[in-house]
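J.: First, the structure itself, so that you have it in front of you.
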Amino acid sequence: MATKKIIEPGKPVRNSKSGQAIMALLDLLGRRWALRILWELRSGQRLSFRALQESCQISSPNALNTRLKELRHAGIVDLEGEGGYGLTESGRSLLTAVGPLAAWADDWARTVGREDLACYTRAKDRSA
Numbered sequence: 001m002a003t004k005k006i007i008e009p010g011k012p013v014r015n016s017k018s019g020q021a022i023m024a025l026l027d028l029l030g031r032r033w034a035l036r037i038l039w040e041l042r043s044g045q046r047l048s049f050r051a052l053q054e055s056c057q058i059s060s061p062n063a064l065n066t067r068l069k070e071l072r073h074a075g076i077v078d079l080e081g082e083g084g085y086g087l088t089e090s091g092r093s094l095l096t097a098v099g100p101l102a103a104w105a106d107d108w109a110r111t112v113g114r115e116d117l118a119c120y121t122r123a124k125d126r127s128a
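Quick note: the sequence shown uses our numbering, first residue 1, plus one each step.
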């Protein structure tokens with residue numbers, strides 16, 4: 001039986017045999033549903049598996065389970081018993097770090113005439 005590949009610094013990941021930390025992070029975040037899960041948890045509210053599956057519109061429970069295991073292993077997401085899934089302090093720090101990249105992407109969307117896709121700025125304005 002094959003073991004699941006663990007994504008962490010120092011282990012080979014897509015496009016990096018050395019597993020440089022930034023490459024491991026980009027590999028993890030580039031996996032299907034990873035960023036969507038973080039986006040859904042950004043408010044700080046904890047979500048049950050079912051609520052997360054519905055809000056992310058993930059039809060496969062196996063896909064969600066795999067991604068949550070990876071994010072938990074990385075220390076970005078945790079599970080608090082009946083409280084559900086939420087971001088750890090490290091996960092919140094990651095979202096803060098990704099903020100400038102998301103703002104850049106919003107500017108890019110505006111540059112190509114797609115203001116409707118500038119969602120990070122709108123979400124940030126609503127939370128202020």
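Ideal Cβ positions, reconstructed from N, Cα and C, are used throughout, including at glycine.
1. Can you look up C75 in the DSSP assignment and give me helix, strand or coil?
2. Considering only residues of the same chain and omitting the five flanking positions on each side of T88, which have a CB-CB separation below 8 Å?
3. For G81, collect the residues of the same chain with a Cβ closer than 7 Å to its Cβ; drop the 5 residues on either side in sequence, then sort them by chain order.
4. Express the C-alpha separation of I22 and L131 in angstroms, rounding to a whole number.
5. Could you check where the beta strand (DSSP E) with G19 kicks off and where it finishes?
6. Please report the Cβ distance between D106 and Y120, rounded to the nearest whole angstrom; I am assuming they are in contact, meaning their Cβ atoms lie under 8 Å.
7. Starting from the Cα of H73, find the closest Cα among A51, L101, L25 and give me that residue.
8. If distances are taken between C-alpha atoms only, which option among S90, R114, A118, V112 comes closest to L101?
9. Quick one: any contact between the region 27–38 and the region 55–66, if contact means 3 or more CB pairs under 8 Å?
10. Does DSSP put G113 in a helix, in a strand, or in coil?
11. Are there 16 or more other CB atoms within 10 angstroms of the CB of I6, so buried, or fewer, so exposed?
12. Report the CB separation of L29 from E40 in whole angstroms; it is logged as a contact under 8 Å.
13. When DSSP builds the beta bridges, which residues end up paired with L38?
T.: Looking at the coordinates:
1. Reading the sequence as shown, one finds Gly at residue 75 and not Cys. Coil, per DSSP.
2. G75, I76, V77, D78
3. none
4. What the structure shows of the chain is the stretch from 1 to 128, and residue 131 is not part of that stretch, so it cannot be assessed.
5. Taken as a continuous stretch (DSSP letters only), G19 belongs to no beta strand (DSSP E), as it is neither H nor E.
6. 5 Å
7. L25
8. A118
9. yes
10. coil
11. exposed
12. L29 to E40, Cβ: 14 Å. No contact.
13. DSSP lists no partner for L38.
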